[in-house]
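Colleague: Line order of the protein sequences matches chains A and B.
Residue numbering for the first sequence follows this note's numbering, beginning at 13 and increasing consecutively.
Residue numbering for the second sequence follows this note's numbering, beginning at 2 and increasing consecutively.
Note that CB positions come from ideal geometry on N, CA and C, so glycine has one too.
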Amino acid sequence: MSLAIETKNLTKTYKARGGKSINVVNDLDLQVKSGEIFGFLGPNGAGKTTTIKILLGIIYPSAGTASVLGRDPGDTEVHKRISYLPEKPYYYEHMTGRELMLYYASLFGIRDAALCDKLLERVNLSNDKNRPISQYSKGMQQRVGLAQSLLNNPELIFLDEPTGGLDPIAHIEVRDLILQFREEGKTVFISSHELSDIERICDRVAIINKGEIVQQGSLDVLLAGGSTEVRAESVSDSLASTLREKGGFTMSYSSGVLLAEIPDTVNQNEIIDTLRSGKANVVSVIPRRRRLEDLFIESVKDDNVAKGRKLFNMVDKGDQEEKV
Amino acid sequence: MNVILSIAKTTVGEAIRRRVLLVILLIGVLFLVIAPGLQTLSARQNFAVLTSFALGIIQLTSAVIAIVLTVYMIPNEIERRTIYTILSKPVQRWQFILGKYFGAIAALAMMMALMSVAFFAVFYIVQPEARSQIGNIAKGPMMFFVQMSLLAAVAMLFSTFVAPIVNMFLSGGVYLVGTLFNAVFQTISENDQLPGLVKGAAGVIYTVVPNFGQFNISNPLINPGTEIKGETLFFVQLAGYAILYITVALIIAVIVFDRREV
Ligand SMILES: Nc1ncnc2c1ncn2[C@@H]1O[C@H](COP(=O)(O)OP(=O)(O)O)[C@@H](O)[C@H]1O
Ligand SMILES: [Mg+2]
C-alpha cells in the first residue's frame, strides 16, 4: 500500500530562552497510508501542530526527512492535492462565507462559484453563506473551514484539532463530515486530543508526547488485548472460592452467578475449563477492547517516553502481521 | 498573477476596514477641511499658504497611514494563522508578499485620493480665482503617492524580520532621514576634510536610505512663477528611482521571508 505521508527521524529544534535547545519534535517516524484516517494524538504542547506545519512546508525540519504524497512538503504540486484546516482558525471577518470560499478557490486558480455554493450546501451553510463570518458561531466557522478544505477535491486533508472547543452538536456535525471524507477515499490526518472522536473515526493512530512517538499502529491492534469478561451461572460456592484462590483477575460472585474480568495476561481458557468441569454454565465470553483513554494516559505518563520506543516497535510488528 | 490579485483584493478589503487607519484618515481630512479657517488667523490668506499647508497634511497623514497599514500586514496574518491556510495552498511566498504589497498601495491610493478630493473641494470653494491651478497642484499628491509606495515597500521589508512596533520607529526613522537629512549625509560624504570612515558611513546612509525628499514638489507648486524644468523627464526619473528602490526592497523582503518560519 502506498504511503500518503512518511517521515524519517523528523526533528524540529527550537532555541528556548537562555540558549538551550529543545526538540519539539524528536526523531519522528510516521507512516500514513493512502485512504486511511490517521489520528495524531497527544497532549497540549506535544508537537502535533509543529509536525503538521513541517508536513505543509510552512516550517522546515531541523533534521530528518518528510515526504507528502511522495514529494517534498511545500512543493506547489503537492499543495494542489492537499488541504489544511488550521487549529483555531480565524477568517477575514469582513467576508461572508461565500466570499471566503471564492477567495480561497481563487488561490487554487479555481473560478467556480457553483462549486463554492455546492460545498457550502454540503456543510449546511447555504442559508448563512451571505452573512459575514464575524456573525458565525464556532461550529459554523469550523464548517466553513471544512468546506474550504474540499475546494480542490484533495487526496489528503490535514485537520488540526477540528473538534476543539465545539459544543456537542457542532462536534457531531464536524465528525460526520470527516467520516464522509473517508467514503470518498480521501486520506485524512487528524490531530486531536479528543479521544472519543479519534476512537470513532480513525483507522490508525500515533500517540505523540513531548515530541516523541510513544505508540503507532492500527486501533484494532493497539486496543486489543484488554480483557475478557466471562459470565457463568450455576456456580457452586466451592467452585467460586477455588477460582478466587487462583487470583490474577477480578470477579464478583453472588447466588450462583459469577462475573469475571480476566486480563489477557492470564490464561482465560484454564479458567473457563475450571468452570465447565465444575458443572457451571458459562453463558458468555466477551472480549473487551481496551479503551483508547487508558492507552493514552498510559502512553503519555512521563516515564513511558523511553519505554514507548520499544513498545512502538512491538506494536508495529503486530501491525504488519495483521496485514499479511 | 490571479493569485497575487486575489490576495491584493482581500488586503484592500481588510485595510479599508481598519479602524485605526480610518481614524487617521478622518483626522487628515478634518485638518484639510478646517485649513482655510486656520488661515484667517494669519495675515496673508493666500493660495500659497493654503496649498503648502494642505500638501503638508496630506504628506504627513499618508506617511502615518502607509506605516501603520504596512507594519501590521504580515505579522497579523501570522498571528491569526490566516497565512497557514494561504501558504498551504499552491501559493508561493513571493506571490503572497507581492499580493500584500499591491493591496497595501491600492488601499493607500484610495485613501490619498479621498484626502486629495477633500482638499480640492475646499480649494475650489475658498480660492475661486485659482481654480485653474487644481490640475497642476494635483501633481503634488501624485508624487506623494509614489513616495508612500516606496515607504510602504521599506516598511514591508522590515516587517519580514522585526516586530510591528519596532518597525514603526524604524520605517518612520528611515522616512525622516530620507526626507530631511538626505542632503546632509550627501554633503558629509563629499566633504574631503572629514576622516574617511565618517565620509564612508555618510555615503552608505546616503545611498541606502531612499531619497524621499525629492518627491516633495510643493515648492514649485506653490510658486506659480517657478516651473519644473523638463517636467516629464523629471517625473519619469523619479518614478524610475522609486520603482528601482521598491523592486530591490521587495526582492530582499521575499528572500528574507522565504527562509523565515511563520
Ligand atoms: N516557534 C516556536 N519557538 C519555540 N517554541 C515553539 C515554537 N512553536 C512551538 N513551540 C513549542 O513547541 C511545543 C509544541 O507545540 P505544538 O506543536 O503547537 O504542540 P501541540 O500542537 O501538540 O499542542 C510547545 O511546547 C510550544 O511551546
Ligand atoms: Mg496544536
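Just to make sure I have the definition right: I need the residues of chain A whose C-beta is within less than 7 Å of the C-beta of leucine 88 (chain B). Which are they?
Modeller: The answer, in chain order, is Ile70.
Colleague: Can you confirm whether the region 153-162 of chain A touches the region 133-142 of chain A when touching is taken to mean that 3 or more C-beta pairs between the two stretches lie within less than 8 Å?
Modeller: yes
Colleague: For ligand 2, I want to know if asparagine 56 (chain A) counts as a neighbour, meaning its beta carbon is within less than 8 Å of at least one of the ligand's heavy atoms.
Modeller: Proximity of the beta carbon of asparagine 56 (chain A) to ligand 2 is indicated: a heavy atom of the ligand is located closer than 8 Å.
Colleague: Step through the CB atoms of chain B and report whether any lies within less than 9 Å of the CB of histidine 183 (chain A).
Modeller: no
Colleague: Shorter than 9 Å from the beta carbon of alanine 44 (chain B) to some beta carbon of chain A?
Modeller: Annotation note: pLDDT 43 at alanine 44 (chain B) (below 50); position unreliable, no value reported.
Colleague: What runs of the alpha helix (DSSP H), each 4 residues or longer, lie entirely inside the region 171-212 of chain A?
Modeller: 180-195
Colleague: Just curious, the beta strand (DSSP E) that leucine 222 (chain B) is in, first and last residue?
Modeller: Run containing leucine 222 (chain B): none in the beta strand (DSSP E); it sits in the alpha helix (DSSP H), 219-223.
Colleague: Taking Cβ to Cβ, would you say leucine 151 (chain B) is nearer than 9 Å to alanine 250 (chain B)?
Modeller: yes
Colleague: For leucine 53 (chain A) versus glycine 223 (chain A), is the C-beta spacing smaller than 9 Å?
Modeller: No.
Colleague: Taking C-alpha atoms, which residue in B:Leu22, B:Phe54, B:Ile58 and B:Ile8 lies nearest to isoleucine 68 (chain B)?
Modeller: B:Leu22
Colleague: With a threshold of 16 other CB atoms inside 10 Å of the CB of serine 14 (chain A), please say whether the residue is buried or exposed.
Modeller: Its Cβ having fewer than 16 others within 10 Å, serine 14 (chain A) is exposed.
Colleague: What are the boundary residues of the alpha helix (DSSP H) that alanine 236 (chain A) is part of?
Modeller: No alpha helix (DSSP H) holds alanine 236 (chain A); DSSP gives it neither H nor E.
Colleague: Would you kindly work out how many angstroms separate the C-alpha atoms of isoleucine 64 (chain A) and proline 85 (chain A), rounded to a whole number?
Modeller: 10 Å
Colleague: Which first and last residues belong to the alpha helix (DSSP H) in which glutamate 257 (chain A) is found?
Modeller: Boundaries of the alpha helix (DSSP H) harbouring glutamate 257 (chain A): 249-258, taken from the DSSP string.
Colleague: Which residues of the region 77-93 of chain A have a Cβ closer than 7 Å to any Cβ of chain B? Give them in chain order.
Modeller: Thr88, His91 and Lys92
Colleague: Is the beta carbon of glutamate 262 (chain B) within less than 8 Å of some heavy atom of ligand 1?
Modeller: yes
Colleague: Is the Cβ of methionine 107 (chain A) closer than 9 Å to any Cβ of chain D?
Modeller: Among the protein chains in the structure shown, which are A and B, there is no chain D.
Colleague: Which class does arginine 45 (chain B) belong to by DSSP, given the choice of helix, strand or coil?
Modeller: Confidence is the limiting factor: at arginine 45 (chain B) the pLDDT is only 48, short of 50, which leaves the residue's position unreliable, though a coordinate-based value still follows. In the structure shown, arginine 45 (chain B) sits in coil (DSSP, three-state: anything other than H, G, I, E or B).
Colleague: Just the chain B side, please: which residues come within less than 8 Å of leucine 119 (chain A) by C-beta, in chain order?
Modeller: Val4, Ser7, Ile8, Ile87, Lys90, Pro91 and Val92
Colleague: Tyrosine 102 (chain A): beta carbon under 8 Å from a heavy atom of ligand 4?
Modeller: Judged by which ligands are present, ligand 4 is missing from the structure shown, whose ligands are ligand 1 and ligand 2.
Colleague: Would you call the region 199-218 of chain A and the region 117-129 of chain A in contact, with 3 or more CB pairs under 8 Å?
Modeller: no
Colleague: Per DSSP, which one or two residues make a beta bridge with leucine 97 (chain A)?
Modeller: Looking at the DSSP assignment, leucine 97 (chain A) forms a beta bridge with A:Leu171.
Colleague: What residues of chain B sit near tyrosine 104 (chain A), judged by a beta carbon separation below 8 Å?
Modeller: Thr11, Gly14, Glu15 and Thr83
Colleague: Does the beta carbon of glutamate 262 (chain B) come closer than 9 Å to any beta carbon on chain A?
Modeller: yes
Colleague: With DSSP run on the structure shown, which of helix, strand or coil describes lysine 291 (chain A)?
Modeller: coil
Colleague: Taking only three categories from DSSP, how would you classify glutamate 361 (chain A)?
Modeller: Residue 361 (chain A) lies beyond the stretch modelled for chain A, which goes from 13 to 336, so this question has no answer here.
Colleague: What would DSSP say about aspartate 276 (chain A), mapped onto helix, strand or coil?
Modeller: coil
Colleague: Rank A:Gly76, A:Tyr103 and A:Gly69 by C-alpha distance to the C-alpha of valine 90 (chain A) and give the top, closest one.
Modeller: Nearest option by C-alpha distance: A:Gly69.
Colleague: Which residues mark the beginning and the end of the alpha helix (DSSP H) in which alanine 122 (chain B) is found?
Modeller: 94-127
Colleague: What residues in its chain sit with their C-beta under 8 Å from that of phenylalanine 120 (chain A), if we drop five residues either side in the sequence?
Modeller: The answer, listed in chain order, is Lys92, Leu163 and Asn164.
Colleague: Cβ of glutamate 273 (chain A) versus every heavy atom of ligand 1: is any distance shorter than 8 Å?
Modeller: no
Colleague: Would you kindly report the start and end of the unbroken beta strand (DSSP E) that includes glutamine 153 (chain A)?
Modeller: Note, glutamine 153 (chain A): premise wrong, no beta strand (DSSP E); alpha helix (DSSP H) at 150-160.
Colleague: Would you check whether ligand 2 has a heavy atom nearer than 8 Å to the C-beta of threonine 61 (chain A)?
Modeller: yes
Colleague: For serine 74 (chain A), is the beta carbon positioned less than 8 Å from some heavy atom of ligand 1?
Modeller: no
Colleague: Starting from threonine 262 (chain A) and walking both ways along the beta strand (DSSP E), at which residues does that stretch end?
Modeller: 262-266
Colleague: Under 9 Å between C-beta atoms, does arginine 18 (chain B) make it to chain A?
Modeller: yes
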